[in-house]
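Peer 1:
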DNA sequence: GGATTTAAACCGACCGGACGGTACAGTTGT
DNA sequence: ACAACTGTACCGTCCGGTCGGTTTAAATCC
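Residue numbers (our numbering), protein chains in the order written: chain A, 80 to 271; chain B, 80 to 271.
#1: Taking the alpha-carbon positions, what's the residue 203 (chain A) to residue 246 (chain B) distance?
#2: Which chain B residues are close to residue 320 (chain A), counting only those with a beta carbon under 9 Å from its beta carbon?
#3: Run down chain B in chain order and give the residues with a C-beta less than 8 Å from the C-beta of residue 152 (chain A).
#4: Note down, in chain order, each residue of its chain lying with its Cβ closer than 8 Å to the Cβ of residue 267 (chain B), except the 5 sequence neighbours on either side.
#5: Could you pull out every unbroken alpha helix (DSSP H) segment of at least 4 residues lying fully inside the region 151-236 of chain B, listed in chain order?
#6: Once the 5 residues before and after residue 155 (chain A) are set aside, which same chain residues still bring their CB inside 8 Å of it?
#7: Rounded to whole angstroms, what's the CA-CA distance from residue 225 (chain B) to residue 231 (chain B)? Just pull it up for me.
#8: Return the CA-CA distance between residue 147 (chain A) and residue 127 (chain B), expressed in angstroms with no decimal places.
#9: For residue 101 (chain A), which of A:123, A:139, A:124 has the nearest alpha-carbon?
#10: Out of A:259, A:269, A:130, A:193, point me to the one whose CA is closest to residue 113 (chain A)'s CA.
#11: Contact criterion: CB-CB distance below 8 Å. Does residue 271 (chain B) meet it with respect to chain A?
#12: Looking at C-alpha atoms only, which residue of B:249, B:153, B:197, B:241 is the closest neighbour of residue 120 (chain B)?
#13: Do you know offhand how far residue 103 (chain B)'s Cα is from residue 111 (chain B)'s?
#14: In terms of residues, what are the limits of the alpha helix (DSSP H) holding residue 246 (chain A)?
#15: For residue 162 (chain B), I'd like the list of residues in its chain whose CB is within less than 6 Å of its CB, leaving aside the five on either flank, ordered along the chain.
#16: Assuming contact is defined by CB atoms lying nearer than 8 Å, are residue 221 (chain B) and residue 255 (chain A) in contact in what I supplied?
#17: Give the residues from the region 202-220 of chain B that approach chain A closer than 7 Å (Cβ to any Cβ), ordered along the chain.
#18: Do residue 166 (chain B) and residue 214 (chain A) have their C-beta atoms closer together than 8 Å?
#19: Could you name the residues of chain B that residue 248 (chain A) contacts, counting a contact when the two beta carbons are closer than 7 Å?
#20: Hey, does residue 258 (chain B) have any beta-carbon neighbour from chain A nearer than 8 Å?
#21: Compile a chain-ordered list of the residues in the region 109-121 of chain A whose CB is closer than 7 Å to at least one CB of chain B.
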């Protein structure tokens with residue numbers, strides 16, 4: 080009698096399988112979070128935004144935690160999808176993938192990073208899948224290069240870029256930003 | 080009949096004036112946020128944590144928004160205090176100040192940055208004072224140096240460091256982190 | 001091939017509880 | 001005594017979650 084999304088914290092990656100309702104619900108949640116703050120994500124509000132009833136939302140995500148978990152899943156799978164789309168043999172491709180992920184999310188203004196805030200606000204343990212992913216990526220990055228400190232600084236700058244965008248913090252203007260991104264790219268290329 | 084903290088969004092910087100109750104309340108809020116997530120900051124929970132009654136909390140902060148605003152105020156004033164404590168004539172002292180602020184917050188584990196998350200979760204507009212401060216700092220930093228891109232990357236890395244610490248994301252280990260911080264310091268020094 | 005069954009998808013009234021906030025009666029320091 | 005402060009009972013609202021019912025469409029039966 081229960082539906083396609085497990086709702087468990089250790090759910091697997093596939094969220095958009097049915098293509099319609101779940102995806103629309105998650106999109107609605109992100110829209111609300113971006114517009115009014117992650118604290119305003121309520122089941123009723125999400126239902127209204129997705130043109131669904133409260134029951135409809137709870138059918139697809141049996142609990143609110145399941146919904147937030149789905150949000151995190153969606154973000155991580157989107158992240159992985161962008162990563163695998165890159166040229167396979169690039170030396171520090173993991174690092175470049177992170178940068179592209181952030182840039183794409185800032186181009187489309189479709190802010191998946193909002194999931195991080197929502198998760199952190201409701202239950203820090205929801206960040207565990209993200210931590211696991213990031214640990215693996217970081218390990219790969221730090222062994223891919225000999226200048227681990229420079230690589231780490233690039234990683235940190237990329238994360239800073241993500242949160243700066245997410246919280247709408249000042250970025251020094253469009254031209255500076257553009258040149259910073261270019262510089263980050265050359266820094267990545269120089270890392271071997 | 081109303082008390083010492085205005086609770087208005089544009090409240091001034093001084094939060095710890097009475098030295099006891101307000102500060103203890105804010106500390107309690109931060110403790111809860113760090114332990115259970117910013118979503119768990121409720122007036123009752125804060126009162127319990129601060130060994131106070133709910134009325135006592137609401138006496139010091141007439142609304143919850145005032146409390147969150149106080150949290151943000153405390154963070155910003157702490158930030159400014161650290162900044163002014165630095166050697167006045169350092170060329171890029173604003174940048175160095177930002178780094179030291181983050182490092183201090185990570186040493187004392189007394190995580191003022193939690194205020195950012197709490198504010199973003201409840202009402203994005205609460206971040207406005209932070210945005211104002213940051214805009215000024217950024218302007219100063221970018222005019223202090225000729226290599227604006229490098230300076231910006233350092234700023235981003237510092238912000239990344241803050242959120243990495245805040246969300247307990249992987250940091251590559253203590254030794255890497257230590258070397259990264261050293262490298263950031265030399266990068267700042269080389270900025271003129 | 002029309003009637004019946006089954007199950008997925010969804011609806012919306014409802015419940016218990018927690019939340020933010022108010023009112024007011026203490027209590028304490030001076 | 002008086003102001004500063006604290007404790008607590010309480011109110012209206014909203015939230016997460018349950019549950020019985022409705023729709024839709026495919027499967028099954030005869």
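Ideal placement from N, C-alpha and C gives every residue a C-beta, glycine not left out.
Peer 2: Walking through what the data contain:
#1: 8 Å
#2: Because chain A here runs from 80 to 271, residue 320 (chain A) falls outside it and cannot be looked at.
#3: Going along chain B, no residue has its Cβ under 8 Å from residue 152 (chain A), so there is no contact; the nearest lies around 17 Å.
#4: 171, 174, 175, 178, 233
#5: As for any alpha helix (DSSP H) of minimum length 4 sitting wholly inside the region 151-236 of chain B, the runs are 172-186, 193-201, 207-223, ordered along the chain.
#6: 92, 208, 209, 212
#7: Roughly 11 Å separates the two Cα atoms.
#8: 28 Å
#9: A:139
#10: A:193
#11: no
#12: It is B:197 whose Cα lies nearest to the Cα of residue 120 (chain B).
#13: 12 Å
#14: Premise fails: residue 246 (chain A) is in no alpha helix (DSSP H) and is neither H nor E.
#15: Only 176 meet the Cβ criterion.
#16: yes
#17: 202, 203, 206, 210, 213, 214, 217
#18: no
#19: 210, 213
#20: Yes, because at least one Cβ of chain A sits closer than 8 Å to the Cβ of residue 258 (chain B).
#21: 116, 117, 118
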